[in-house]
Amino acid sequence: MNQTNKGLNTICTHVGEVVDEQFKGAISPLYMSTSYAFEDVDMKRYPRYFNTPNQEALCLKIAALEHAEAALIFGSGMAAISTAMMAFLRAGDHIVLQRTLYGGTYNLVTEEFEKFGISYSFTDGLRPEDFEAKIQENTKVIYIETPSNPLLTITDLKGVAALAQKHGIVSMIDNTFASPVNQNPIDFGIDIVIHSATKYMGGHSDICAGAVASTKENMERIFQLAKNFGGSLSDYTVWLLERSIKTMGIRVRAQNANALQMAEYLYKHEDIQNVYYPGLASHPDHELAKEQMKGFGGMLSFELKEGFDASKFQKSLQLIKSSMSLAGVESTVLSPTQTSHSLLGAEERERQGIKDGLIRFSVGIEEVEDLIDDIEQALEKVRSTMVATTH
């Protein structure tokens, strides 16, 4: 099947299927074997080599979705991130990263890289010149995340890609928040695209996985390390992930529409101090987001007005779940200071603008009216508590 001339939902549904030659079933059969023949075969298959029938097929789908030549799937987003980074870094090398990163990525760099003799620099800004100012003679990688977690800042893909190419540096991006539905960084010149497939690719809060997509040459280099690190994914989870990606286009576009309506509602609400969503005209990076995103995503963050207890508000929600992860079909909220960015010190969180009262909102596919009703009743409960306390 020609992967280049099909629409998004067609790619999600059909590319990378395992054809059921025996029974002609409509979906991919699941091959659970961890042991395959080695004589008189075209390929010696082994789960840790990322080449079982289900693994191999799913990699084709992810590569097609990201307009890449090849892809690999991993046991988690952090397995994908760490393997991709370490494939291009060795002792004596240097990496430049934007400071507004997923907490797990930040911890990986600040807690582990010095052990391997790898130095790093964080940028305080997100403009290409901010990255260029940090480049050293031994810089090998520029790493970005856009939209960022949890403040939804936007980084200039074309600018960073051009900068990396100018200096002969590999550019990497965490594209999790956007998903391939909303953003294809390779089209803008980025070299390597990484996902926590746990999120929008999985989409149902029941899968833990990661993915990396790039050129065949880059993916071969990543594979050589990956097979030694052993971060492969079980075939049952691979099969579930392929099933989930079939509806990713429909799910994410519905979440895009819901998130924009929720952001507009919250932005006008008298009890909300700030709303962070690139789809709002008030967002400082709104114009840039329009240039490089096909949709603004299902993620937003907001802060309640002073005096409102963010914890009580989340506990008062009845429909929207208080939950650790994101991007499921159900709407969820969490406090980044207690979860995704809890390992960052208070000073570093303050530096990144992550306040204790910040709430990250992963918007699902429910009816917007029901989400608004739930937020209104939760705010009313918190207000009642505030009034009772003052008396």
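Quick note: the sequence shown, position 342, residue 356 per my numbering, numbers continuous. Each residue gets a CB set at the ideal place from its N, CA and C atoms; glycine is no exception.
If you measure between the beta carbons of residue i and residue j, is that distance less than 8 Å?
| i | j | result |
| --- | --- | --- |
| ILE132 | ALA223 | no |
| ASP285 | LEU393 | yes |
| LEU177 | THR160 | no |
| GLY30 | ALA78 | yes |
| MET326 | TYR63 | Reading the sequence as shown, one finds Lys at residue 326 and not Met. No, they are not a contact pair. |
| VAL32 | PHE102 | no |
| THR212 | GLY309 | no |
| VAL266 | TYR214 | yes |
| ILE373 | GLN332 | no |
| LEU247 | GLY89 | yes |
| GLN269 | ILE183 | no |
| ALA341 | SER228 | no |
| MET46 | TYR250 | yes |
| PRO67 | THR48 | no |
| GLY216 | VAL343 | no |
| ILE109 | TYR157 | yes |
| GLY371 | LEU318 | yes |
| ARG115 | SER162 | It should be pointed out that residue 115 corresponds to Leu in this sequence rather than to Arg. Yes; because the gap between Cβ atoms is below 8 Å, this pair is in contact. |
| CYS26 | MET262 | yes |
| ASN19 | ILE264 | no |
| HIS181 | ILE221 | no |
| ILE334 | ASP387 | no |
| PRO164 | PRO350 | yes |
Using a Cβ-Cβ cutoff of less than 7 Å, which residues in the same chain neighbour residue i once the five nearest sequence positions on both sides are dropped?
| i | result |
| --- | --- |
| GLY106 | GLY131 and ASN152 |
| PHE52 | LYS58 |
| SER337 | THR346 and LEU348 |
| ASP299 | THR167, ILE168 and PRO292 |
| PHE202 | LEU171, LYS172, ALA175 and GLN306 |
| ALA295 | none |
| ASN232 | ASP205 and ILE206 |
| GLY3 | The structure shown has nothing for residue 3, since the chain only spans 15 to 405. |
| GLY118 | MET92 |
| PRO43 | VAL32 and ASP34 |
| ARG104 | none |
| PHE127 | TYR134 |
If I follow the unbroken beta strand (DSSP E) through residue i, where does it start and stop?
| i | result |
| --- | --- |
| ARG267 | Segment 262 to 282 is the alpha helix (DSSP H) holding ARG267; no beta strand (DSSP E) there. |
| ASN288 | 286 to 290 |
| MET313 | 313 to 318 |
| ARG374 | 372 to 376 |
| LYS180 | No beta strand (DSSP E) holds LYS180; the alpha helix (DSSP H) holding it covers 171 to 181. |
| ILE87 | 84 to 88 |
| THR346 | 346 to 348 |
| PHE136 | 133 to 137 |
Please work out which residues of its chain come closer than 6 Å, Cβ to Cβ, to residue i, disregarding the five sequence neighbours upstream and downstream, and give them in chain order.
| i | result |
| --- | --- |
| ILE208 | ALA94, ILE95, ALA98, ASP188 and VAL226 |
| ASN272 | VAL377 and VAL382 |
| ARG235 | ALA101 |
| MET15 | Residue placement at MET15 is poorly supported in this model, since its pLDDT is 47, which falls under 50; the coordinates still yield a value, given next. Around MET15: no qualifying Cβ. |
| ALA84 | ALA77, LYS230 and MET233 |
| LYS395 | SER330 |
| ASP144 | THR137 |
For the alpha helix (DSSP H) containing residue i, list its first residue and its last residue.
| i | result |
| --- | --- |
| ASP249 | 249 to 259 |
| GLN332 | Per DSSP, GLN332 belongs to no alpha helix (DSSP H) and is neither H nor E. |
| SER96 | 91 to 101 |
| LYS230 | 230 to 243 |
| ALA71 | 67 to 79 |
| THR167 | Premise fails: THR167 is in no alpha helix (DSSP H) and is neither H nor E. |
| GLU146 | 142 to 146 |
| GLY118 | 117 to 126 |
| GLN36 | That residue, GLN36, is in no alpha helix (DSSP H); it is neither H nor E in DSSP. |
| LYS304 | 300 to 306 |
| VAL195 | 193 to 196 |
| CYS222 | That residue, CYS222, is in no alpha helix (DSSP H); it is neither H nor E in DSSP. |
| THR8 | In this structure the chain extends from 15 to 405, so residue 8 is not present and cannot be described. |
Go through its chain and collect everything with a Cβ distance to residue i's Cβ below 8 Å, but skip five positions before and after it.
| i | result |
| --- | --- |
| GLN275 | VAL382 |
Tell me, please, which residues DSSP counts as bridged to residue i.
| i | result |
| --- | --- |
| VAL207 | ILE187 and ALA227 |
| TYR157 | LEU111 and MET186 |
| SER336 | VAL347 |
If we define contact as Cβ-Cβ less than 8 Å, is residue i a contact residue for chain C?
| i | result |
| --- | --- |
| GLY217 | The chain inventory of the structure shown lacks chain C, comprising one protein chain alone. |
### Task
Count the CB pairs spanning the segment 286 to 303 and the segment 245 to 262 that are closer than 8 Å, and state whether there are at least three.
Contact between the segment 286 to 303 and the segment 245 to 262 is absent, with fewer than three C-beta pairs closer than 8 Å.
### Query
Are the segment 133 to 147 and the segment 190 to 207 touching, with three or more C-beta to C-beta distances below 8 Å?
Cβ pair count under 8 Å is below three, so no.
### Query
Is there contact here, the segment 307 to 317 with the segment 268 to 282, by at least three beta-carbon pairs under 8 Å?
Counting C-beta pairs with one atom in each stretch, the segment 307 to 317 and the segment 268 to 282 have three or more that are closer than 8 Å, which means they touch.
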